[in-house]
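Undergrad: For any residue, its number in this note's numbering is found by taking its place in the sequence shown, counting from 1, and adding 4. What follows is a structure written as structure tokens; I'll ask about it next.
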Amino acid sequence: QDGSLCAQHCLNALLQSSYFTAVDLGAIANEMDQAEREHMAARGVETEEYQQFVQQGSSNMDDSGFFSVQVLASALAVWDLELVPLSKRDHPTAQRARDDPTAVSAYICNFREHWFTIRRLGSQWFNLNSLLSGPELISESYLTLFLAQLRQEGYTIFIVVGSLPLCEADQVLSVTPAVQRERPKLLRAPGRNRSRQGAGSSSAAPPYAAAQDDEAEDDELRRALEISRQLHDSGDVSLQRALAETRPPGAQAAAISDQDLQRALELSRQTAEDDASLQQALALSLLSEDEAFGQADDQRRPPTTTTTTGSTGTEATTVAPVEDLRQRRAKFLDQLEKKTAEGGGGND
Numbered sequence: 005q006d007g008s009l010c011a012q013h014c015l016n017a018l019l020q021s022s023y024f025t026a027v028d029l030g031a032i033a034n035e036m037d038q039a040e041r042e043h044m045a046a047r048g049v050e051t052e053e054y055q056q057f058v059q060q061g062s063s064n065m066d067d068s069g070f071f072s073v074q075v076l077a078s079a080l081a082v083w084d085l086e087l088v089p090l091s092k093r094d095h096p097t098a099q100r101a102r103d104d105p106t107a108v109s110a111y112i113c114n115f116r117e118h119w120f121t122i123r124r125l126g127s128q129w130f131n132l133n134s135l136l137s138g139p140e141l142i143s144e145s146y147l148t149l150f151l152a153q154l155r156q157e158g159y160t161i162f163i164v165v166g167s168l169p170l171c172e173a174d175q176v177l178s179v180t181p182a183v184q185r186e187r188p189k190l191l192r193a194p195g196r197n198r199s200r201q202g203a204g205s206s207s208a209a210p211p212y213a214a215a216q217d218d219e220a221e222d223d224e225l226r227r228a229l230e231i232s233r234q235l236h237d238s239g240d241v242s243l244q245r246a247l248a249e250t251r252p253p254g255a256q257a258a259a260i261s262d263q264d265l266q267r268a269l270e271l272s273r274q275t276a277e278d279d280a281s282l283q284q285a286l287a288l289s290l291l292s293e294d295e296a297f298g299q300a301d302d303q304r305r306p307p308t309t310t311t312t313t314g315s316t317g318t319e320a321t322t323v324a325p326v327e328d329l330r331q332r333r334a335k336f337l338d339q340l341e342k343k344t345a346e347g348g349g350g351n352d
């Protein structure tokens, strides 16, 4: 836009044609200023009130190109259009728009002496802010949120009541709805020329910048959630490692696998067999060479079973090979002793 002629751009965007120029709006503002001076002069040009009014200058326009809401309302009256504050309680159209923002055809919003239009073209809504690089497509659900945000942040919103003139954009978009792949950029923030109560100025951020901030916050939220998920996954691994390191010895022993247990049993069985072999070797070392060979033969034979008869009946007993060797050794020693005794007796 040129300078601060946002009011001119706002009206032409609403009507979808270059119906108004800055000169036209300036003429309307001059007429309104003249009417106000005449009203104040009716009480006397020498009064203090009239002198203060003259010193304040125009309240309908300034050198920067700003125009008041009264100028915009007067310009739209030519088209039988009326500006009604959205917050007006006793107006049926305002009440209907508060209940359903899509029930009307257009809105005019004021921010820091900046004017912009929101209107429906075809079946779609567009933000026709002259500070954007192009029209912004708005869904019906977002329109409700957008207007609610504007009201909450102190924006002045007016409903355009009446039938808007036909335009080519409305006809085209009724047949072929628009598809917006990239949102328009904010060219610059609206300036603040003067502090005017009736202009609906606000210290909040510009509307479209607020929408961009919301989108940036959504991106940051998604990144934060992704980082949180990664930390949660790594935390599970760290937790499992910490539990393994802090597990008591008894718990670690209980966690031995079945394969390890089988291996331990096998080693125990081999140890028992080695102990038995050692006992056999010790026993054989006590025998003579012949008896040792006999013992080896007996080892290859199964144990002998003897039957003994007692007072309580017959019992079957198994004589172990070692015991049999002991008995044979004792018998051999007895025979050897007898032979020695007999040989000694023969010499005498």
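From the three backbone atoms N, C-alpha and C, an ideal C-beta is built for every residue, glycine too.
(1) Suppose the cutoff is 6 Å on Cβ atoms and the five residues either side in sequence are ignored; what does the same chain contact list for Gln-142 look like?
(2) Can you tell me which of the three DSSP states Asn-16 falls into?
(3) Just mark Gly-61 as buried or exposed, buried being the case when its beta carbon has 16 or more other beta carbons within 10 Å.
(4) Hey, is Trp-119's beta-carbon within less than 8 Å of any beta-carbon in chain D?
(5) I'd like to confirm the pairing. Which residues does DSSP put opposite Thr-356 in its beta bridges?
(6) Under 6 Å Cβ to Cβ from Ser-72, same chain only, skipping five residues before and after it: list those, please.
(7) With DSSP as the reference, label Val-82 as helix, strand or coil.
(8) Curious, which full-length alpha helix (DSSP H) runs of at least 4 residues does the segment 86-154 contain?
(9) Restricting to Cα atoms, I'd like to know which of Phe-150, Arg-155, His-118 and Asp-174 is closest to Ala-193.
(10) Contact defined as beta carbons within less than 8 Å: I believe Leu-87 pairs with Ile-112. What is the distance between those atoms, to the nearest angstrom?
(11) Check whether the segment 45-57 and the segment 152-161 touch, using three or more Cβ-Cβ pairs below 8 Å as the test.
(12) Measuring straight from C-alpha to C-alpha, what distance separates Ser-151 and Asp-66?
(13) Gly-204 by DSSP, collapsed to three states: which one?
(14) Let's see if you can read the secondary structure: which residues bound the alpha helix (DSSP H) around Met-36?
(15) Secondary structure at Val-165, three-state DSSP: helix, strand or coil?
(16) Taking the CB atoms as reference points, tell me whether Ala-107 and Ala-101 lie closer together than 8 Å.
(17) Exposed or buried, which one is Ala-98 when buried takes at least 16 other CB atoms within 10 Å?
(18) Could you have a look at Leu-9 and say whether DSSP puts it in helix, strand or coil?
(19) So Tyr-54 is in the alpha helix (DSSP H); what residue range does that whole segment cover?
(20) For Phe-336, name the three-state secondary structure that DSSP assigns.
(21) Measure the alpha-carbon distance for Ala-208 versus Ala-17 and round it to whole angstroms.
(22) Tell me where the alpha helix (DSSP H) around Ala-182 begins and ends.
(23) Please list, in chain order, all residues of the same chain as Arg-333 whose beta carbon is under 6 Å from its beta carbon, the five residues on each side excluded.
(24) Can you tell me the Cα-Cα spacing of Asp-338 and Glu-327, whole angstroms?
(25) Can Ser-134 and Phe-70 be called in contact, C-beta distance under 8 Å?
(26) So what's Leu-76 in DSSP terms, helix, strand or just coil?
(27) Once DSSP output is grouped into helix, strand and coil, what is the label at Tyr-23?
(28) Using only the alpha-carbon positions, how far apart do Leu-76 and Leu-90 sit?
(29) How big is the Cα-Cα spacing for Asp-37 and Leu-29?
(30) Beta carbon of Pro-188, beta carbon of Gly-126: below 8 Å?
(31) Are the Cβ atoms of Cys-14 and Phe-115 separated by less than 8 Å?
(32) Rounded to whole angstroms, what is the Cα-Cα separation between Val-164 and Glu-140?
(33) Between the C-alpha atoms of Leu-340 and Arg-330, what's the straight-line distance to the nearest angstrom?
(34) Leaving out five residues on either side along the sequence, give the residues of the same chain with a beta carbon under 7 Å from the beta carbon of Leu-147.
TA: This is what the structure gives:
(1) According to the sequence as given, residue 142 is Ile; it is not Gln. Correct list, in chain order: Trp-129 and Asn-131.
(2) helix
(3) exposed
(4) Structure shown: chain D not included; a single protein chain is present.
(5) Lying before the first or after the last residue shown, residue 356 is absent from the chain, which here runs from 5 to 352.
(6) Asn-64
(7) coil
(8) 96-103
(9) His-118
(10) 6 Å
(11) no
(12) Here residue 151 turns out to be Leu, not Ser, going by the sequence shown. Distance between the alpha carbons of Leu-151 and Asp-66 is about 28 Å.
(13) Residue placement at Gly-204 cannot be trusted, given a pLDDT of 34 that sits under 50; what the coordinates show is reported in the next sentence. The answer is coil: DSSP assigns Gly-204 none of H, G, I, E or B.
(14) 26-45
(15) strand
(16) yes
(17) buried
(18) coil
(19) 52-60
(20) helix
(21) A caution first: Ala-208 carries a pLDDT of 39, below 50, which makes its placement in the model unreliable, though a value can still be read off. If you take the alpha carbons of Ala-208 and Ala-17, they lie about 24 Å apart.
(22) Where Ala-182 is concerned, there is no enclosing alpha helix (DSSP H), given that its DSSP letter is neither H nor E.
(23) none
(24) 17 Å
(25) no
(26) helix
(27) coil
(28) 16 Å
(29) 12 Å
(30) no
(31) no
(32) 19 Å
(33) 15 Å
(34) Pro-105, Thr-106 and Trp-129
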